[in-house]
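Working notes, structure below.
2 protein chains.
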Amino acid sequence: MNAEIIAVGSELLTPQRLDTNSLFLTQQLNDLGVEVTTKYVVGDNRDHVADTVRRAMSRAEIVILSGGLGPTEDDVTRDAVSIATDRKLVFHAEIADQLEQRFRQANRKMAEVNRRQAFIIEGADILPNDRGTAPGQWIDDSQTSIILLPGPPHELKAMFSRQCLPRLERVVPRQVIRTLLFRITGMAESDLDQTIAPVYTKYANPVTTILAGDGDLQVHLRAHGSNESDVMALLTEVAGPIETLLGDRIYSRNGDSLEAVIGTALKKRQATLVVAESVTGGHLAQRITSVPGSSQYFLGGFLTYSNRLKTDLLGVSEEILQTHGAVSQEAAEAMAVGARRRTGATFAISVTGEAGPEPAENVPVGTVYIGLADASGCQVAHRVFFGDRPRIRVFATQMALDLLRRKCTLVL
Amino acid sequence: MNAEIIAVGSELLTPQRLDTNSLFLTQQLNDLGVEVTTKYVVGDNRDHVADTVRRAMSRAEIVILSGGLGPTEDDVTRDAVSIATDRKLVFHAEIADQLEQRFRQANRKMAEVNRRQAFIIEGADILPNDRGTAPGQWIDDSQTSIILLPGPPHELKAMFSRQCLPRLERVVPRQVIRTLLFRITGMAESDLDQTIAPVYTKYANPVTTILAGDGDLQVHLRAHGSNESDVMALLTEVAGPIETLLGDRIYSRNGDSLEAVIGTALKKRQATLVVAESVTGGHLAQRITSVPGSSQYFLGGFLTYSNRLKTDLLGVSEEILQTHGAVSQEAAEAMAVGARRRTGATFAISVTGEAGPEPAENVPVGTVYIGLADASGCQVAHRVFFGDRPRIRVFATQMALDLLRRKCTLVL
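Each protein sequence line maps, in turn, to chains A and B.
For the first sequence, this note's numbering gives the first residue as 1, with consecutive numbering after it.
For the second sequence, this note's numbering gives the first residue as 1001, with consecutive numbering after it.
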């Protein structure tokens, strides 16, 4: 079954505001096995809203509108749905009375405009609103259920959960839905897709989605079926070959972030970590310490943005800086080794590079060297990222974390 | 003139993701005097997208699509617009060659699927993408301009600003629109609103908007009119009293971030800066170094997440740590003074605190001390923030930056 969601309100078409009700509604609908196929944001224009409702009705079995049920002239949802469904609006005196009573209890006089909220579309079921003044409405119109909900999130959520969900559960064909998630790093989105497309494109169920951002990739598999064991069998059938193809580029199967995976591994090893950051300027440490409890393994480190501090704090020799430059394999190694020596940590990771905007040090913008030192020595990895300054910095942290992940999640 | 915006991507129909590109686009269009009347989010379904494009074309003079231009089978925007406009897709060998060259420069082999990105709709103008692989496209189809932009925000923003805006400016009927922006910190959103509402609520033009996030506030004034001097007079009439009311809580009038304002002030003074971070774990330095050219004044610093490194690297005495604790005025002072002494920087700023989730050190979660040392001594500021771990950490960096801003932007 498919749903479309229409958010009504001109304020949601300004540069400052987003419709977030649809995220809640999507989660609830997906959990029932209903897909959301289109979302709309429409201003407070009766004809635009009516036109959008008509379109959604022609495409989906469930159409949910949020907002535009208030008392002012800008609140056009009732009128618009009345036009789209060709049903009259009927005044319900008992709703007006309840509203009036509500205002009286709050020691306020009800403004006349509030009576607008007592108009109900012919044949609609009234959804009482115990958190606000505007009642919701539910209309079954031939093939489509049209649900009108108030815009304020706490009103919408309560009304949907208590009144709409139980009713939808009776309508939507029962099915079991299960998801699997792989988190992956160290490859481009297009490479990931090319690698696993031969597997997943053979299946419409599970649905496979690839998400990418900042060098971090996710593969979501979502399967549905009539019983748990069928659904799990479907998921395994697709997930198995994907796991084999991706191997250790998968860093998480439970949703954990890269920094959390590293934290778990370091705690298990009772190992400690320090950093020596140049180009990333604190970003690497910030990600590491974003994990609650990271003080158990993260000691701290050095921000050696200037050459002088590379020498003073980490003992990177003048000779290295002059011969090879601060952005070099030699500098990355000296930084990591120096940081480890001065703190006694199990692992030290260093990042040096050039994020631009201006090239410097005779290396192209995007050049990054990562050093990883432990008791066995120091390895250095090198990459040239393209993109702007923020992108280069975040890719450098991702690469550093992944290098550490591969080292510290090795079986002891 | 009206615009409709279509975000393409099934991932934007999941409970986890929102289309935020439309906020940027709306801002840019509004600044030209173009209203956004409907926004859509449509999944990776060619026919749905084509159908939506057709509808938008029948309603608006400008239709902007974002996303779905990538190399994979899921990327349906090119095909969909080709169907909606009844125009062929034409392969451009020179685009494929450029792509291949780009991959080669990054020492990678281009996956074959990337050639999909070289298909251009017949009659479209190509919008080169210097931040990614997918070129944009611009089609003038009878009454409507259809603009295809890549989904990644940094690619979309650059392409729209540099290539689409100048072109739209020639098409959109001229009216004068001017905006003023104040950036403010050190007060709550509700306090800000209560302070300035008596001024701005008297005016429908300019429109006043307050935005808040992470302890950082913005007041936007947007005025329109037929000529420059009228519009500027309107803006000044409202901005003047607002400036008086807010005083030095305004840190920027040109949009510059707090970290950029600090950078400008430090360069002017030829001063240098180091940090000593505990609770913020690198976040403060990351913000400072996000400013291009920050290496001119930022030397680096110390990440002293553990007590041992506070002692070893900064010389915070065992006595302070035992008597007062690592989260104390005394520790913040010793950290800042120690960091300054060991580096010779003009200013040293320290952050120590407890971000939770578990309380520790006998201080409530949210406790933060900031130390700011210079030649004249060290001042320490103290706050207890409420909220979760990420919120406490970002508010701590904001407070540290503002303390430094107030110090280093003082007239010499």
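Don't be surprised by glycine CBs; every beta carbon is placed ideally from N, CA and C.
Run the CB neighbour count on E1228/B, radius 10 Å, all protein chains shown included, and call it buried at 16 or more, exposed below. Under this definition E1228/B is an exposed residue.
8 Å Cβ cut-off: residues of chain B touching I370/A: Those within 8 Å of I370/A in chain B number zero; the least Cβ separation is about 16 Å.
Which residues, in chain order, does the stretch 1105-1121 of chain B contribute to contact with chain A at a C-beta distance below 9 Å? Correct list: Q1105, A1106, N1107, R1108, M1110, A1111, E1112, V1113, N1114.
What are the start and end residues of the alpha helix (DSSP H) that includes K1268/B? It spans 1258-1269 - the alpha helix (DSSP H) in which K1268/B sits, taken as one unbroken run.
Going by beta carbon distance, what residues of the same chain come within less than 7 Å of A134/A, once the five residues before and after it are set aside? Counting only Cβ-Cβ distances below 7 Å, and skipping sequence neighbours, we find L69, G70, Q117, P150.
Please list, in chain order, the residues of the stretch 1268-1295 of chain B that have any C-beta partner in chain A closer than 9 Å. Taking 9 Å as the Cβ-Cβ cut-off against chain A, the residues of the stretch 1268-1295 of chain B that qualify are T1272, V1274, V1275, E1277, S1278, V1279, T1280, G1281, G1282, H1283, L1284, A1285, Q1286, R1287, I1288, T1289, S1290, P1292, G1293, S1294, S1295.
In the DSSP assignment, what are the bridge partners of H48/A? Answer by DSSP bridge pairing: none, since H48/A is not bridged.
Per DSSP, which residues does R116/A bridge with? Please list them. Answer by DSSP bridge pairing: none, since R116/A is not bridged.
Should F347/A be labelled buried (16 or more other beta-carbon atoms within 10 Å of its own) or exposed? Buried is the call here.
CB contact below 9 Å: E1330/B versus chain A: Not an interface residue.
For N1002/B, report the span of its beta strand (DSSP E) as first-last. Annotation for N1002/B: the continuous beta strand (DSSP E) segment containing it runs 1002-1008.
Judging by CA-CA distance, which residue of Q218/A, I177/A, D130/A is the nearest neighbour of Q163/A? It is D130/A whose Cα lies nearest to the Cα of Q163/A.
Taking C-beta pairs closer than 8 Å, name the residues in chain C that G325/A reaches, listed in chain order. The chain labelled as chain C is not found among the protein chains of the depicted structure, namely A and B.
Using 8 Å as the Cβ pair cut-off and three pairs as the minimum, do the stretch 236-255 of chain A and the stretch 1269-1287 of chain B touch? The stretch 236-255 of chain A makes no contact with the stretch 1269-1287 of chain B; the number of CB pairs closer than 8 Å stays below 3.
So the candidates are V261/A, R115/A, I146/A; which of them puts its Cα closest to the Cα of R406/A? Considering only V261/A, R115/A, I146/A, the residue with the shortest C-alpha distance to R406/A is V261/A.
Under 8 Å: do the stretch 1322-1336 of chain B and the stretch 322-342 of chain A share three or more Cβ pairs, one atom per stretch? No, the stretch 1322-1336 of chain B does not touch the stretch 322-342 of chain A.
Taking a contact to mean a Cβ-Cβ separation below 9 Å, would you say L1192/B touches L1401/B in this structure? No. Outside cutoff.
Considering only C-alpha positions, which residue in the set L29/A, F103/A, T352/A is nearest to Y369/A? Per the Cα distances, T352/A.
Would a C-beta distance cut-off of 9 Å place A1360/B and H1283/B closer than the cut-off? No, Cβ-Cβ distance for A1360/B and H1283/B is not below 9 Å.
Reduced DSSP category for V238/A - H, G, I as helix; E, B as strand; rest coil: Here V238/A sits in helix by DSSP.
Backbone secondary structure at A1276/B - three-state DSSP: Correct three-state label for A1276/B: strand.
State yes or no: is the beta carbon of E73/A nearer than 9 Å to at least one beta carbon in chain B? By this cut-off, E73/A is not an interface position.
Is the CB-CB distance between A1060/B and T1038/B below 9 Å? Inclusion of A1060/B and T1038/B in the CB contact set at 9 Å is warranted, their separation being smaller than that value.
Keeping to the same chain, check which residues put their C-beta closer than 8 Å to that of L89/A; ignore five residues upstream and five downstream. Excluding the 5 residues flanking it on each side, L89/A has same chain C-beta neighbours closer than 8 Å at R78, D79, S82, F119, I120, I121, E122, in chain order.
CB of V1274/B within 9 Å of CB of G1300/B, strictly: Against a cut-off of 9 Å, the Cβ pair of G1300/B and V1274/B comes out as a contact.
Cβ of Y1203/B within 9 Å of any chain A Cβ: Not an interface residue.
Would you kindly report the start and end of the unbroken beta strand (DSSP E) that includes K1088/B? It is not in any beta strand (DSSP E) - K1088/B carries neither H nor E in the DSSP assignment.
Under the rule that 16 or more other beta-carbon atoms within 10 Å means buried, what is D86/A, buried or exposed? Burial call: exposed.
Distance between beta carbons of A373/A and V337/A, contact taken as under 8 Å: Taking the Cβ atoms as the reference, V337/A lies roughly 5 Å from A373/A, within the contact range of under 8 Å.
Is Y40/A close to chain B, meaning its C-beta is less than 9 Å from at least one C-beta of that chain? True, the Cβ-Cβ gap to chain B drops below 9 Å.
Interface residues of chain A around L1018/B at Cβ under 9 Å? Result: L18, D19, T20, S22, L23.
Closer than 9 Å, CB to CB, is R1342/B near chain A or not? Yes, contact with chain A.
Contact set for S1022/B: own chain, Cβ-Cβ below 8 Å, skip 5 residues either direction: Excluding residues within five positions, the ones whose Cβ falls inside 8 Å are I1005, A1007, V1036, K1039, S1066.
DSSP state of K1202/B, grouped into three classes? Three-state result, K1202/B: coil.
Less than 8 Å between the CB atoms is what I'm expecting for V327/A and E358/A, so what's the real figure, rounded? Not really, about 13 Å apart at Cβ, beyond 8 Å.
Below 7 Å on C-beta distance, what does V36/A contact in chain B? Under the 7 Å cutoff, chain B gives L1013.
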